[in-house]
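Colleague: Residue numbers (the working numbering): 1190 to 1580.
Below you will find the structure I want to go over with you.
In structure tokens:
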């Protein structure tokens, strides 16, 4: 029998989810050049073969149990769909035990996949109290569409584990599939920004046309400098900060959101490098394991994704981090302004730093009493030091 990449073990009552997972995995074209040779699937293009008994069992003279055992023996991984149904299933628990017997009790080869939530009733006796329970689990949400962002997030956690790749790499690859839509949105945003600036400039010129040119320019710069960041602040608070803060307050736990702002065009253009450096500093200064993205079920239609610290030290469990990526528009506007002779003496970094300063002030003012739950920084070292001193 040929080697199988993974065996999906599940209760028949969860067959709809099992079949969805099987289909998604076997139709995923993995990045061959990024996957180490020992982690590559038997198939040269797709994550295959994935065994699921309702589809893959042959009709022959071999007993059903023996066929199952043969596939378990020849599978590299066991994907275990955990639910109240499977926890009660004697057959599923037998599959787990037999897989472990054939793989030297290597729990690292078991990939748990929970349905809706990780509860005591959904944990199989065969993995309860084992090293498997120390991991972050993919959780499928049955109240959402199988194509929802949350359930795709769950799927790519499994894919990254199977391929031995960093989750962010796999998830970012998924996000690139929507790149064209994103580009169109950016173009529209750019047009709106440009039109808004033209309108503001025209209005200001009409109002102050009888004043000296130098006074007109100074007033216009001051007006635009405050209005443009405020439009971003409003969207950032309404669509991200307020829903996130309200949800975390409902959990009745202490929390703090640390926000890192850009002050240079390099910080915006090389955002990933900035994230990597923050990750390094947190690991070096605070001994944390890593940063991970989590999805919070806020009032927003698709929930809210925010970065969280992963650490064995529980005092950092309620620390959240965001990079206010909406401020990437600072660079677009700064470049546009540089084309105007009025701003020839201003550098891109001067404009961006000023925008960030105003953004920070306006965000705190708009949040009012909820500003106690956030801290905004423009320097990574100061941000890390603050996290250490306040926890």
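C-beta: ideal position from N, C-alpha, C; glycine also.
From a predicted model like this one, the values you see are computed outputs, not experimental measurements.
#1: What are the uninterrupted segments assigned as beta strand (DSSP E) that are 3 or more residues long and contained completely in the segment 1318 to 1352, given in chain order?
#2: Using the C-alpha atoms, what's the distance from residue 1539 back to residue 1390?
#3: Residue 1514 by DSSP, collapsed to three states: which one?
#4: DSSP on residue 1313, reduced to helix/strand/coil?
#5: May I ask you to report which of helix, strand or coil DSSP gives residue 1199?
#6: How should residue 1281 be labelled, buried or exposed, when 16 other C-beta atoms within 10 angstroms of its C-beta is the threshold for buried?
#7: Do residue 1467 and residue 1449 have their C-beta atoms within less than 9 Å of each other?
#8: Taking the DSSP output, what are the residues bridged to residue 1482?
#9: Using 8 Å as the threshold, is the segment 1540 to 1548 in touch with the segment 1482 to 1489, meaning 3 or more CB pairs across them?
#10: Please tell me whether residue 1422 and residue 1555 are closer than 9 Å, where the distance is taken between their beta carbons.
#11: Between the C-alpha atoms of residue 1440 and residue 1563, what's the straight-line distance to the nearest angstrom?
#12: If you reduce the DSSP assignment to three classes, tell me which class residue 1246 lands in.
#13: List the residues that DSSP assigns as beta-bridge partners of residue 1564.
#14: Mapping the DSSP letters down to three states, classify residue 1223 as helix, strand or coil.
#15: What's the call for residue 1392, buried or exposed, on a 16-neighbour Cβ count within 10 Å?
#16: Exposed or buried, residue 1218, counting other C-beta atoms within 10 Å across all chains shown (16 or more means buried)?
#17: Comparing alpha-carbon positions, which option in 1263, 1235 and 1567 lies nearest residue 1192?
#18: With distances taken Cα to Cα, identify the nearest neighbour of residue 1494 among 1436, 1475 and 1283.
#19: Whose CA, out of 1523, 1313, 1438 and 1470, lies closest to the CA of residue 1455?
#20: Quick one, which of 1451, 1212 and 1303 has its alpha-carbon nearest residue 1328's?
#21: Can you have a look at residue 1343 and say buried or exposed, based on whether 16 or more other CB atoms are within 10 angstroms of its CB?
#22: Does the Cβ-Cβ distance between residue 1316 and residue 1384 come in under 9 Å?
#23: Return the bridge partner residues of residue 1264 from the DSSP annotation.
#24: From residue 1234 to residue 1502, what distance separates their C-alpha atoms?
#25: Starting from residue 1457, trace the beta strand (DSSP E) in both directions and tell me its first and last residue.
#26: Taking 9 Å as the threshold (C-beta atoms), are residue 1542 and residue 1382 in contact?
#27: Should residue 1143 and residue 1274 be called a contact, given that it needs their Cβ atoms to be closer than 9 Å?
#28: Just grab the DSSP bridge partners of residue 1270 for me.
#29: With distance defined between alpha-carbon atoms, name the residue in 1471, 1224 and 1380 nearest to residue 1499.
#30: Under 8 Å Cβ to Cβ from residue 1379, same chain only, skipping five residues before and after it: list those, please.
#31: So the alpha helix (DSSP H) residue 1577 belongs to, where does it begin and stop?
#32: Starting from residue 1231 and walking both ways along the alpha helix (DSSP H), at which residues does that stretch end?
#33: Who are the Cβ neighbours of residue 1249 in its own chain at under 6 Å, not counting the five residues just before and after it?
#34: Below 8 Å on the Cβ atoms is my contact criterion, and I expect residue 1480 with residue 1573 to pass it. Report the Cβ-Cβ distance as a whole number of Å.
#35: Look at the Cβ atom of residue 1426, then the Cβ atom of residue 1552, and state whether they are nearer than 9 Å.
#36: Going by DSSP, name the residue or residues bridged to residue 1240.
Modeller: The answer reads as follows:
#1: none
#2: 20 Å
#3: helix
#4: coil
#5: For residue 1199, the secondary structure class from DSSP, reduced to helix, strand or coil, is coil.
#6: buried
#7: yes
#8: 1496
#9: Cβ pair count under 8 Å is below three, so no.
#10: Taking 9 Å as the cut-off, the beta carbon of residue 1422 is found closer than this to the beta carbon of residue 1555.
#11: 16 Å
#12: Low confidence applies here, because residue 1246 scores a pLDDT of 47, under 50, leaving its location unreliable and the question unanswered by this model.
#13: BP columns for residue 1564 point to 1447.
#14: helix
#15: exposed
#16: exposed
#17: When each option's Cα is compared against that of residue 1192, the closest is 1263.
#18: For the residues 1436, 1475 and 1283, the minimum Cα distance to residue 1494 belongs to 1436.
#19: 1523
#20: 1303
#21: buried
#22: no
#23: 1193
#24: 40 Å
#25: It is not in any beta strand (DSSP E) - residue 1457 instead sits in the alpha helix (DSSP H) that spans 1454 to 1458.
#26: no
#27: Residue 1143 lies beyond the stretch modelled for the chain, which goes from 1190 to 1580, so this question has no answer here.
#28: 1302
#29: 1471
#30: 1521
#31: Per DSSP, the continuous alpha helix (DSSP H) segment holding residue 1577 begins and ends at 1569 to 1578.
#32: From DSSP, residue 1231 is part of no alpha helix (DSSP H); its letter is neither H nor E.
#33: For residue 1249, the predicted model reports a pLDDT of 43, less than 50, meaning its position is unreliable; a value from the coordinates is still stated below. If we look at residue 1249 and ignore the five residues flanking it on each side, it has no Cβ neighbours.
#34: The Cβ separation is near 12 Å, so there is no contact.
#35: yes
#36: 1196
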